[in-house]
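In the working numbering, the protein residues as written are 28 to 375. Written below as structure tokens is the structure these notes are about.
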Ligand SMILES: *Cc1c(COP(=O)(O)O)cnc(C)c1O
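So this is what it looks like as structure tokens:
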């Protein structure tokens, strides 16, 4: 082992770059609950502009952004359509049912496409004469979709969902934790990916290297209401410019470089697909996430994790025979070569 730990468990394991620490140290600050933190204002305005939205709101995490968004857009007792593998449904400790008190209606998402016909079949139209059904109050999209696959949702697909939603007067929310990965992979502006949704959140911590923070963006009335709900949850912050400052750096300097992460992930997927004992389809790797399956007798994820750990490589267990590798700013081309070499040796 040559010292450096290669940590591929997630793109959230990054440590802030020296430039981010400098930005934190030099940030102009004020009390943000009083609306007086200039660095927070700058980040909220810049992020909203990039996303093509009127206003933005800094929150501490993607989970809080999602929950605040749903609380803002729905009423108790409604239904919310979500992707069956989405974060908001699977990894937010039942926030939808406990905080917003909505009922989840999961949607099967095949090959990273939100099929408008399937969505329409799940919609329960508001109908006062039907006293039994709960009406659909919101459709939640996610881009990139599925945190073990990172599939890109196209602007065309988003537009199709918008069209269906419009027929029933239902708002559309986008969990864009890794929206910039989708933007870079498709070569389209982030705003293009948001033009058919009412509100969106992006994570500053996923691939962009920030220590914390997400931005929720939408119309001015939406953000005004979301700001109050954030406060209700205890999410109002005082000198939050220390959170916003690295975010501004990230929006300027950390997005284009996601191309490197995607290139590294594809290289890794191609090499892994050629290893006897591991299976992955490189065509499935659209962004920075590679999730192979172990197909060799006598091997399972626990054993592989142990063997990789001995070599200073960390990956994330997904299932008994599946694991995940996510590329990010601390993973170099040489690191990828080393991971490939170690996997080849293990499965020889
Ligand atoms: C990580 C993630 C979140 C939650 O972000 P946290 O900052 O970890 O709370 C939400 N949605 C998706 C798709 C994510 O990948």
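Idealized CB from N, CA, C, for every residue including glycine. Predicted model, so just to flag it, every value in this text is computed and none were measured.
Could you give the residue range of the beta strand (DSSP E) that holds residue i?
{"i": "residue 241", "result": "241-245"}
{"i": "residue 168", "result": "163-169"}
{"i": "residue 201", "result": "199-203"}
Is residue i helix, strand or coil when you go by DSSP?
{"i": "residue 374", "result": "coil"}
{"i": "residue 265", "result": "coil"}
{"i": "residue 272", "result": "helix"}
{"i": "residue 128", "result": "coil"}
{"i": "residue 27", "result": "Lying before the first or after the last residue shown, residue 27 is absent from the chain, which here runs from 28 to 375."}
{"i": "residue 12", "result": "Nothing about residue 12 can be read from this structure; the chain reaches only from 28 to 375."}
{"i": "residue 222", "result": "coil"}
{"i": "residue 340", "result": "strand"}
{"i": "residue 146", "result": "helix"}
{"i": "residue 121", "result": "coil"}
{"i": "residue 330", "result": "helix"}
{"i": "residue 355", "result": "coil"}
{"i": "residue 258", "result": "helix"}
{"i": "residue 44", "result": "coil"}
{"i": "residue 282", "result": "coil"}
{"i": "residue 312", "result": "coil"}
{"i": "residue 365", "result": "helix"}
{"i": "residue 335", "result": "helix"}
{"i": "residue 216", "result": "coil"}
{"i": "residue 235", "result": "coil"}
{"i": "residue 360", "result": "helix"}
Check the DSSP bridge columns for residue i and list the partner residues they point to.
{"i": "residue 349", "result": "320"}
{"i": "residue 230", "result": "241"}
{"i": "residue 137", "result": "140"}
{"i": "residue 83", "result": "244"}
{"i": "residue 172", "result": "178"}
{"i": "residue 252", "result": "Its beta-bridge partners do not exist; DSSP assigns none."}
Span of the alpha helix (DSSP H) holding residue i?
{"i": "residue 194", "result": "182-195"}
{"i": "residue 10", "result": "Coverage of the chain is limited to positions 28 through 375, which leaves residue 10 absent and any answer about it impossible."}
{"i": "residue 89", "result": "89-100"}
{"i": "residue 57", "result": "Taken as a continuous stretch (DSSP letters only), residue 57 belongs to no alpha helix (DSSP H), as it is neither H nor E."}
{"i": "residue 115", "result": "114-117"}
{"i": "residue 289", "result": "285-300"}
{"i": "residue 67", "result": "65-77"}
{"i": "residue 156", "result": "Residue 156 -> no alpha helix (DSSP H), and no H or E assigned at all."}
{"i": "residue 208", "result": "206-213"}
Write down the C-beta distance between residue i and residue j rounded to the nearest angstrom, noting that I regard them as a contact closer than 8 Å.
{"i": "residue 87", "j": "residue 262", "result": "6 Å"}
{"i": "residue 203", "j": "residue 166", "result": "That pair is no contact at about 14 Å."}
{"i": "residue 75", "j": "residue 82", "result": "5 Å"}
{"i": "residue 106", "j": "residue 147", "result": "Their Cβ separation, rounded to whole angstroms, is 14 Å, which puts residue 106 and residue 147 out of contact at 8 Å."}
{"i": "residue 345", "j": "residue 35", "result": "Incorrect: roughly 13 Å between the Cβ atoms, too far for contact."}
{"i": "residue 122", "j": "residue 94", "result": "5 Å"}
{"i": "residue 71", "j": "residue 85", "result": "6 Å"}
{"i": "residue 100", "j": "residue 200", "result": "6 Å"}
{"i": "residue 270", "j": "residue 296", "result": "The Cβ separation is near 34 Å, so there is no contact."}
{"i": "residue 320", "j": "residue 348", "result": "5 Å"}
How about residue i and residue j: do their beta carbons lie closer than 9 Å?
{"i": "residue 267", "j": "residue 370", "result": "no"}
{"i": "residue 212", "j": "residue 291", "result": "no"}
{"i": "residue 114", "j": "residue 90", "result": "yes"}
{"i": "residue 277", "j": "residue 237", "result": "yes"}
{"i": "residue 80", "j": "residue 244", "result": "yes"}
{"i": "residue 294", "j": "residue 363", "result": "yes"}
{"i": "residue 149", "j": "residue 224", "result": "no"}
{"i": "residue 218", "j": "residue 180", "result": "no"}
{"i": "residue 315", "j": "residue 38", "result": "yes"}
If we cut at 9 Å on Cβ distances, does residue i have a partner in chain C?
{"i": "residue 131", "result": "In the structure shown, chain C cannot be found, because there is only a single protein chain."}
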